[in-house]
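Engineer: Residue numbers (the working numbering), protein chains in the order written: chain D, 4 to 421; chain V, 4 to 421. Got a structure here, written out as C-alpha cells. Questions coming.
2 protein chains.
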Amino acid sequence: MEFLQCISLKAAQDLVVRSLKRGAAGEEKVQLIDAAGRIAAQDLFAGENLPPFDRSTVDGFAVNSRDTFGAGEAVPVLLSIVGQVAMGEPSLQELLPGQAVAIPTGGMLPSGADAVVMLEYTEQMDTDTLLISRVAAPFENVVKKGEDVSSADVLVKHGQTIQAQQVGILAACGYSTVPVYKQLKTAIISTGDELVAVSETPKMGQIRDINSYSLGAMLKETGCIVTCMGIVKDNYEEFVRAVSWAAKNSHLVIISGGSSVGARDYTVKAIDALGGVLFHGIAVKPGKPTIYGMAHGIPVFGLPGHPVAAMMVLEQLVKPAANFLMGKETRQQGVTVWARLLRNIPSAPGRDDFVTVHVKIEENSYVAEPIFGKSGLIHTIAEADGVIHIPAEKGGLYTGDLIEVALLKNWLREEEAF
Amino acid sequence: MEFLQCISLKAAQDLVVRSLKRGAAGEEKVQLIDAAGRIAAQDLFAGENLPPFDRSTVDGFAVNSRDTFGAGEAVPVLLSIVGQVAMGEPSLQELLPGQAVAIPTGGMLPSGADAVVMLEYTEQMDTDTLLISRVAAPFENVVKKGEDVSSADVLVKHGQTIQAQQVGILAACGYSTVPVYKQLKTAIISTGDELVAVSETPKMGQIRDINSYSLGAMLKETGCIVTCMGIVKDNYEEFVRAVSWAAKNSHLVIISGGSSVGARDYTVKAIDALGGVLFHGIAVKPGKPTIYGMAHGIPVFGLPGHPVAAMMVLEQLVKPAANFLMGKETRQQGVTVWARLLRNIPSAPGRDDFVTVHVKIEENSYVAEPIFGKSGLIHTIAEADGVIHIPAEKGGLYTGDLIEVALLKNWLREEEAF
C-alpha cells in the first residue's frame with residue numbers, strides 16, 4: 004500500500020465527522036459535584052442575578068454616600084446608628100438621610116444606602132453615634148445586584164466541557180444537577196496471533212497486548228466508558244462475532260492490532276460484512292494502515308498494530324470522533340505551547356507526520372527536542388512531553404523554527420520539589 | 004487584620020508541608036486500565052527487555068546481511084527460502100549462509116539472521132528461490148532485543164503521576180496491576196448563617212453554598228475523594244462536632260466560608276480545641292483570612308468565604324498539601340504558558356497577588372489580558388483561562404512584560420469547530 008493510494012488526514016477527519024451524528028451518545032443529568040469534565044448538553048443560563056441584592060464587600064457601616072461628602076480626618080461627619088444588618092437576613096429597614104447601619108462582609112445593603120464605609124474609617128462615640136473620617140464614593144465597597152452575573156448570561160455554552168472552576172458559578176445560580184452528554188460507550192478488540200494478555204508471560208515470539216490498555220487509558224481520559232474485549236486470535240468467524248457484538252453494545256468500536264496483511268484483510272472483510280468500509284489507508288506517519296467504516300450503523304476504527312501509530316491515530320481521528328458523538332462543539336484537544344525546534348526533522352511532502360518531542364524551558368521560553376528512534380518503539384511516546392504535527396504541504400522542519408507542540412502530559416512546568 | 008501580621012505565602016507553604024507526612028494517604032494496587040492519573044507508589048521498573056527478541060519492523064525476508072553485499076537492481080543476489088516465521092511463534096530454525104526466511108511485521112528473527120529485506124526489494128522465483136535487488140545493512144528493519152526498553156529502566160518514577168501514554172509501556176512490561184497511592188479522603192464543611200443549599204431558593208440576604216461545589220470539583224480533579232458535609236450554621240458546639248467528625252474520618256479537612264469575624268473566631272477556636280492553629284492570615288491577595296492547623300492530627304484549612312479567594316488558596320496551599328499526602332514528589336500543578344501582558348497590574352510589595360487572565364493567541368504567541376472586577380466576583384474566575392502570580396518582591400507588572408500563566412482550563416488552543 005503506497006501513500007499515493009491513501010487519503011489525506013484532513014479528508015479522513017472530515018469523512019469521519021460527516022459519517023456521524025453529533026451528540027449520538029445521548030443526554031443525562033448529573034449531580035453538580037460530578038459535572039466538571041463533562042460536556043454541557045445545552046446552554047447553561049444563569050437564570051438569576053448575582054448577587055441577588057446589593058452586597059457589602061467589607062465589614063463596616065452602610066451609609067448614603069451623600070452624607071459623607073466633605074468628611075476627613077480633621078472634619079469627621081456625624082451619623083446616627085439606627086441598627087445592624089445580620090448575616091443571611093434581609094435588610095428591611097429603610098435608611099434615612101443622616102443614618103448609618105452596621106453591616107458585615109456579604110451583608111445585604113438596606114434600601115436608602117448606596118455605599119459602605121470600612122470599620123477602620125469610623126469611630127463609634129456611643130451606641131447611637133458614628134464618626135466617619137473619609138468620603139465614601141457612590142457604590143464604594145458594594146457589589147450591585149447583577150454586577151457579577153446577569154440572569155441572561157450563559158455560564159457554560161452547549162457543547163463545551165465544564166471546567167472545575169465553573170462549577171462554583173453553576174452552584175451560585177442553583178444548578179444542583181446539570182444536563183450533560185452521556186459518556187460514550189467504547190469497545191476495544193485486540194487482534195493478532197502474537198498477542199498474549201498482560202498478566203501472562205510471553206513465550207518466544209509473543210508480545211503482550213499493549214493497545215487495549217494504552218488506547219483504553221486515553222479514551223477514559225477523554226471521558227469515554229471503555230470495555231476491553233480482550234484478544235481475538237486470527238480466526239475470521241470469531242472475529243466477526245466479536246465486532247458484531249461490540250457494535251451492538253457500544254457507540255464506537257476500535258479494532259487494534261492486526262498489523263499483518265492477513266489481520267488487516269480480516270478487519271476490512273468484517274466491516275464490509277457488517278456495514279461498509281469508508282476508507283482504508285491514510286497518508287499519515289505513523290498510522291498509514293488505518294481502516295474506518297460502519298458496522299450495524301456504529302463507527303468502527305481499525306487502528307495500526309504498532310502501539311505508537313495506534314496512539315497517534317487515536318489522537319487525530321478517534322478522539323475527535325468520540326468528542327463529536329459526545330456533543331462537543333469544538334475539536335479542542337488539549338494544551339499546545341509554541342517552542343523553538345532544536346533539530347531538523349525531515350518529512351515527505353504529501354504526508355502528515357507526527358513526531359514526539361521532549362519540551363524543556365530555556366530562558367522563559369519552550370524548546371522542543373525530537374525523540375528519534377525506530378518507528379514503533381513505545382518508549383518514544385512514553386517519555387514524550389508532546390507531539391508536533393508536520394502538515395502534508397511541508398517537506399520537514401528546521402532547527403530554530405517556532406512550532407506548535409500539542410502536550411501529552413497534563414502538566415508542564417519547571418518541576419519544583421517539595 | 005493587617006497584612007503585616009500575616010505570614011508570607013512561601014512561609015505558609017513550607018509550614019504546611021513540614022506539618023505533614025508524605026504519602027500519609029497510604030498505598031493500594033489498581034488495575035492497569037485505571038492507573039492513568041494516579042501517583043506511582045514506587046519506582047516502576049521495566050523488569051524485562053522490550054522487545055524480548057530481535058523483531059522485524061516490516062513484512063519481508065530475514066537474511067544474514069553479509070549475503071546481500073553487492074546486491075542491486077542489475078545484479079540481484081540469489082538465496083534459498085528455507086521456511087517462514089509465523090506470527091506469535093518462536094523462530095527455532097537457525098539460518099545458514101545463503102538462506103532466507105519469510106517474516107511478517109513483528110515476527111521474531113531466527114538466529115543467524117541480522118536484517119530483514121522488505122518484500123518490495125525481493126522477487127520469489129519459485130517456492131525455494133529468492134532474488135534480492137538491494138543491499139541490507141546489519142540490523143536494517145530490525146528492532147534489537149532490549150532496544151526499546153531495557154529491563155533496568157524505570158518506566159514511571161516514585162511520586163510521579165502516571166500519564167495515559169505511559170500505560171502502554173506498563174502493559175508491555177506486564178503490569179496488570181500498578182502500586183499507587185490511595186486517593187485522599189477530604190471533607191468540606193461550609194459555614195455561614197447566610198448560606199442555603201444549592202437546591203434551595205435563597206431568601207433576601209441569603210446566598211447559595213458555592214464553595215462546597217467549587218472546592219469539591221477542584222479537589223476531585225486533583226484525585227481526591229470528596230465528602231461534602233453541607234452547611235453548618237454559626238453554632239459553635241455543632242461546628243466543633245462537625246470538624247471533629249471530619250478529622251476522624253478523612254485525611255484532610257476544609258472549612259469554607261465564615262468570612263465574618265465571628266465565623267473566623269469559631270474556626271480558630273475549634274481547631275485550637277481539637278489540636279492547634281499553626282497560622283492565621285497569609286499575605287496573599289485574594290486569600291488573606293486563611294487559617295491552618297491540626298485537629299486530631301489531621302490537617303485543617305479554614306478558607307476565606309469569598310469563592311474566588313477560596314479557590315486561589317485551594318490552588319496555592321491545599322492542592323500541594325493534598326498532593327504531598329498522596330505521595331507526590333513535585334509541586335507541579337498543571338501547564339503554564341508564557342504570555343505578553345496587555346495591561347499594567349498594580350500590586351503592593353510584600354504581598355503575593357494572584358490575578359485571573361484571559362489568554363489569547365496573537366501571531367503564534369500568547370497574550371494575557373487581566374480580568375478586572377471587584378474582589379470576590381465569581382465570574383472573574385469562571386471565565387478565566389489562567390492565573391498569574393505577582394510575587395511579594397514585585398510592585399506590580401507592566402504592559403509588555405513576559406509573564407508565566409498557570410492555565411485553569413485543561414485545553415488551550417485556537418478553537419476549531421467541527
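No residue lacks a Cβ here, since even glycine has one placed at the ideal position from N, Cα and C.
1. Any beta carbon from chain D within less than 8 Å of V/THR125's own beta carbon?
2. If you drop the 5 nearest sequence neighbours on each side, which residues of the same chain put their C-beta closer than 8 Å to that of V/LEU173?
3. What do you get for D/GLU224, buried or exposed, if any count of 16 or more other CB atoms within 10 angstroms of its CB means buried?
4. Anything in the region 376-403 of chain V with a Cβ closer than 9 Å to a Cβ of chain D? List those residues in chain order, please.
5. Give the interface partners of D/ALA175 over in chain V, defined as CB-CB distance under 8 Å, in chain order.
6. Any beta carbon of chain D sitting closer than 8 Å to that of V/VAL78?
7. Within 8 Å of any Cβ in chain V, is that where the Cβ of D/GLN102 sits?
8. So, D/GLY278 versus D/GLY290, is the Cβ gap smaller than 8 Å?
9. What residues match up with D/LEU198 in a beta bridge as DSSP calls it?
10. Between V/GLU396, V/THR71, V/ILE106, V/ARG211, which has its C-alpha nearest V/SER136's C-alpha?
11. Of all the CB atoms in chain V, is at least one closer than 8 Å to the CB of D/ARG267?
12. Which partner residues does D/TYR369 have in the DSSP bridge list?
13. Enumerate in chain order the residues of its own chain whose CB-to-CB distance from V/GLY86 is below 7 Å, with the five nearest sequence positions on each side excluded.
14. Relative to the C-alpha of D/GLY226, which candidate in D/LYS331, D/GLU203, D/ALA139 has its C-alpha closest?
15. Assess, as a yes-or-no matter, whether the region 370-383 of chain D is touched by the region 338-356 of chain V under the definition of 3 or more beta carbon pairs within less than 8 Å.
16. So V/ALA116 packs on V/ASN67, CB below 8 Å; how close in whole Å?
17. Distance check for V/PRO302 and V/ALA245, CA to CA, integer angstroms please.
18. Name the one or two DSSP bridge partners that D/LEU133 has.
19. Could you give the C-beta distance for V/LYS412 and V/ARG354, rounded to a whole number, given that I count them as a contact under 8 Å?
20. I'd like to confirm the pairing. Which residues does DSSP put opposite V/GLU419 in its beta bridges?
21. To the nearest angstrom, report how far apart V/PRO205 and D/LEU81 are at their CA atoms.
22. Kindly list the residues whose CB is nearer than 6 Å to the CB of V/MET329, restricted to its own chain and excluding five residues on each side of it in sequence; keep chain order.
23. Please list, in chain order, all residues of the same chain as D/GLN8 whose beta carbon is under 8 Å from its beta carbon, the five residues on each side excluded.
24. Only counting the same chain, and skipping five residues up and downstream in sequence, which positions put a Cβ closer than 8 Å to that of V/GLY50?
25. Is there a Cβ of chain D sitting closer than 8 Å to that of V/ARG334, yes or no?
26. Taking 8 Å as the CB-CB limit, is D/GLN35 close to chain V?
27. So the alpha helix (DSSP H) V/GLY171 belongs to, where does it begin and stop?
28. Chain D partners of V/GLY195, CB-CB under 9 Å?
29. Count the other C-beta atoms from every protein chain shown that fall within 10 angstroms of the C-beta of V/GLU126, then say buried if there are 16 or more, exposed otherwise.
30. Please determine, among V/VAL311, V/HIS299, V/VAL201, V/ALA298, the residue with the shortest C-alpha to C-alpha distance to V/PRO292.
31. Can you tell me whether D/ASN367 is buried or exposed? The criterion is at least 16 other CB atoms within 10 Å of its CB, across all chains shown.
32. Thinking C-beta only, is D/THR339 closer than 8 Å to D/GLU407?
33. V/GLU30 bridges to which residues according to DSSP?
34. Should V/GLU224 be flagged as near chain D, meaning a C-beta pair shorter than 8 Å?
35. The alpha helix (DSSP H) that contains V/HIS254, what's its start and end?
36. Who are the Cβ neighbours of D/ASP156 in its own chain at under 8 Å, not counting the five residues just before and after it?
Structural biologist: Well, looking at it:
1. Residue mapping note: residue 125 of chain V aligns to position 122 of the second sequence, counting from 1. So, not an interface residue.
2. In the second sequence, residue 173 of chain V corresponds to position 170, counting from 1. Only LEU35, ALA38, LEU47, LEU158, VAL159, ILE165, VAL181 meet the Cβ criterion.
3. Here residue 224 of chain D refers to the residue found at position 221 when the first sequence is read from its first residue. Buried: at least 16 other Cβ atoms inside 10 Å.
4. Within the region 376-403 of chain V, contact with chain D at the beta-carbon level (separation under 9 Å) is assigned to GLY376, LYS377, SER378, GLY379, LEU380, ILE381, HIS382, THR383, ILE384, ALA385, GLU386, ALA387.
5. Position 172 of the first sequence, counted from the start, is the residue given in the question as residue 175 of chain D. Near D/ALA175 (Cβ distances below 8 Å), the residues of chain V are ILE210, ARG211, ILE213, PRO310, ILE381.
6. Counted from its first residue, the second sequence places residue 78 of chain V at position 75. It does not; no Cβ of chain D falls within 8 Å.
7. Taking the first sequence and counting its residues from 1, one reaches residue 102 of chain D at position 99. No, no contact with chain V.
8. Against the first sequence, residue 278 of chain D aligns to sequence position 275. Against the first sequence, residue 290 of chain D aligns to sequence position 287. It is not a contact, given that the beta carbons lie outside the stated cut-off.
9. Walking along the first sequence from the start, residue 198 of chain D turns up at place 195. Secondary-structure assignment with DSSP links D/LEU198 through a beta bridge to D/ILE210.
10. Along the second sequence, read from residue 1 onward, the residue named residue 136 of chain V stands at position 133. Here the closest residue by C-alpha is V/THR71.
11. Taking the first residue of the first sequence as 1, we reach residue 267 of chain D at position 264. By this cut-off, D/ARG267 is not an interface position.
12. Your numbering for residue 369 of chain D matches position 366 in the first sequence. DSSP, once it has assigned bridges, lists D/ALA342, D/ILE364 as partnering D/TYR369.
13. The residue given as residue 86 of chain V occupies position 83 in the second sequence. Cβ neighbours of V/GLY86 beyond the five flanking positions: GLN96, VAL104.
14. As a first step, residue 226 of chain D must be located in the first sequence, where it is residue number 223. Answer by Cα proximity: D/LYS331.
15. Contact between the region 338-356 of chain V and the region 370-383 of chain D is absent, because fewer than three Cβ pairs lie under 8 Å.
16. One-based indexing of the second sequence puts residue 116 of chain V at position 113. One-based indexing of the second sequence puts residue 67 of chain V at position 64. Contact holds; Cβ gap of about 6 Å.
17. Working through the second sequence from its first residue, we reach residue 245 of chain V at position 242. Working through the second sequence from its first residue, we reach residue 302 of chain V at position 299. Answer to the nearest angstrom: the Cα atoms are 15 Å apart.
18. As a first step, residue 133 of chain D must be located in the first sequence, where it is residue number 130. D/LEU82, D/GLN127, per the DSSP bridge assignment.
19. By 1-based counting over the second sequence, the position of residue 412 of chain V is 409. By 1-based counting over the second sequence, the position of residue 354 of chain V is 351. That belief does not hold up - the Cβ atoms of V/LYS412 and V/ARG354 are roughly 27 Å apart, past 8 Å.
20. By one-based count along the second sequence, residue 419 of chain V stands at place 416. According to DSSP, V/GLU419 bridges with nothing at all.
21. As a working mapping, residue 205 of chain V is identified with position 202 in the second sequence. As a working mapping, residue 81 of chain D is identified with position 78 in the first sequence. Whole-angstrom Cα-Cα distance: 35 Å.
22. Translated into the one-based positions of the second sequence, residue 329 of chain V becomes position 326. Once the five neighbours on either side are set aside, the close Cβ partners of V/MET329 are ALA28, ILE42, TYR184, LEU187.
23. Locating residue 8 of chain D in the first sequence gives position 5, counting from the first residue. The answer, listed in chain order, is GLY284.
24. On the second sequence, position 47 is the one that residue 50 of chain V refers to. The answer, listed in chain order, is SER154, CYS176, GLY177.
25. Taking the first residue of the second sequence as 1, we reach residue 334 of chain V at position 331. Closer than 8 Å: yes.
26. On the first sequence, residue 35 of chain D is found 32 positions in, with the first residue counted as 1. According to the sequence displayed, residue 35 of chain D carries Leu and not Gln. Yes - at least one Cβ of chain V is within 8 Å of the one on D/LEU35.
27. Within the second sequence, the letter at position 168 stands for residue 171 of chain V. It spans 170-175 - the alpha helix (DSSP H) in which V/GLY171 sits, taken as one unbroken run.
28. Taking the first residue of the second sequence as position 1, residue 195 of chain V is located at position 192. What V/GLY195 touches in chain D: MET90, GLY91, GLY109.
29. Mapped onto the second sequence, residue 126 of chain V falls at position 123. By the neighbour-count rule (16 or more Cβ atoms within 10 Å), V/GLU126 is not buried but exposed.
30. For the purposes of this step, residue 292 of chain V is identified with residue 289 of the second sequence, where counting begins at 1. Of V/VAL311, V/HIS299, V/VAL201, V/ALA298, the residue nearest in Cα terms is V/VAL311.
31. The count along the first sequence starts at 1 and reaches residue 367 of chain D at position 364. By the 10 Å Cβ count, D/ASN367 comes out exposed.
32. Within the first sequence, residue 407 of chain D is the residue found at index 404, counting from 1. Within the first sequence, residue 339 of chain D is the residue found at index 336, counting from 1. Yes, they are a contact pair.
33. In the second sequence, counting from the first residue as 1, residue 30 of chain V sits at position 27. Paired residue(s): V/TYR184.
34. Locating residue 224 of chain V in the second sequence gives position 221, where the first residue counts as 1. Interface residue, yes.
35. If you number the second sequence from 1, residue 254 of chain V lands on position 251. That residue, V/HIS254, is in no alpha helix (DSSP H); it is neither H nor E in DSSP.
36. Residue 156 of chain D sits at position 153 when you count from the first residue of the first sequence. Cβ contact annotation for D/ASP156 (same chain, cutoff 8 Å, sequence separation greater than five): PHE48, ALA49, in chain order.
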